[in-house]
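Counting from 79, one number per residue, gives the positions in the sequence shown under the working numbering.
We put the CB at the ideal spot given by N, CA and C, even for glycine.
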Amino acid sequence: MQRITITLDEELLDLIDRRVETQGYQGRSEAIRDLLRGGIREAEALPEDAPCVAVVSYLYDHNTRELPKRLNQTLHAHHDLTRSTLHVHLDAGHCLEVSVLQGPSGPVCELSRQLMVERGVEHGQVQVIPAPVQHRHAVDE
Ligand code: NI
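Right, dumping it as structure tokens:
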């Protein structure tokens with residue numbers, strides 16, 4: 079194992095400590111390793127070209143300079159992967175967006191990451207679902 083140094087804000091560290099207490103982890107490192115494994119597994123579960131849908135949710139402060147515009151441009155630049163975006167004006171300053179993406183797993187995951195790593199975006203979360211097998215109706219035949 080290697081030792082690395084990471085920087086976390088206190089709020090996040092409190093959450094991790096609470097997790098250590100309530101779920102019986104040996105310590106912070108073990109709890110963080112477990113969370114990382116979960117996140118990485120989720121992102122890499124599908125082969126790059128496997129068709130999938132993804133539900134990406136993220137919260138942001140719409141007063142962050144150019145952020146709403148940048149997010150919108152990112153989605154437009156990948157309109158082929160973007161099915162729909164729900165925008166909720168949560169309060170005077172915060173927006174919650176839920177974007178539904180569809181396409182090959184590789185580009186879909188890359189676009190999800192692009193949305194979530196924008197400076198000012200918080201609570202980015204993605205759920206990747208393997209595309210359901212085509213359902214055939216009598217009318218298709
Ligand atoms: Ni809004």
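Would you mind sorting residue i into buried or exposed? The rule is 16 or more other CB atoms within 10 Å of its CB.
| i | result |
| --- | --- |
| glycine 181 | buried |
Nearest to residue i by CA position, among the options, is which residue?
| i | options | result |
| --- | --- | --- |
| threonine 160 | Tyr103, Lys147, Leu193 | Leu193 |
| cysteine 173 | Thr100, Leu114, Leu137 | Leu137 |
| glycine 117 | Val204, Arg214, Leu93 | Val204 |
| glycine 202 | Asp139, Lys147, Pro210, Gly102 | Asp139 |
| aspartate 158 | Glu88, Gly102, Leu189 | Leu189 |
| threonine 163 | Thr85, Asp169, Leu179 | Leu179 |
Tell me which same chain residues have a C-beta within less than 7 Å of the C-beta of residue i, skipping the five on either side of it?
| i | result |
| --- | --- |
| glycine 184 | Glu126, Asp127 |
Note down, in chain order, each residue of its chain lying with its Cβ closer than 6 Å to the Cβ of residue i, except the 5 sequence neighbours on either side.
| i | result |
| --- | --- |
| arginine 97 | Ala109 |
| proline 151 | With the sequence shown as reference, residue 151 is identified as glutamine, and proline is not the correct amino acid for it. Closer than 6 Å at Cβ, skipping near neighbours: no residue. |
Here's a check: name, in chain order, each residue in its chain whose Cβ is nearer than 8 Å to the Cβ of residue i, leaving out the five neighbours to either side.
| i | result |
| --- | --- |
| threonine 220 | With the chain covering 79 to 219 only, the question about residue 220 has no answer from this structure. |
Straight-line CA distance for residue i to residue j?
| i | j | result |
| --- | --- | --- |
| histidine 154 | glutamine 104 | 45 Å |
| histidine 215 | histidine 156 | 30 Å |
Please confirm if residue i has its CB atom under 8 Å from at least one CB of chain C.
| i | result |
| --- | --- |
| arginine 111 | The displayed structure is made up of one protein chain only, and chain C is not part of it. |
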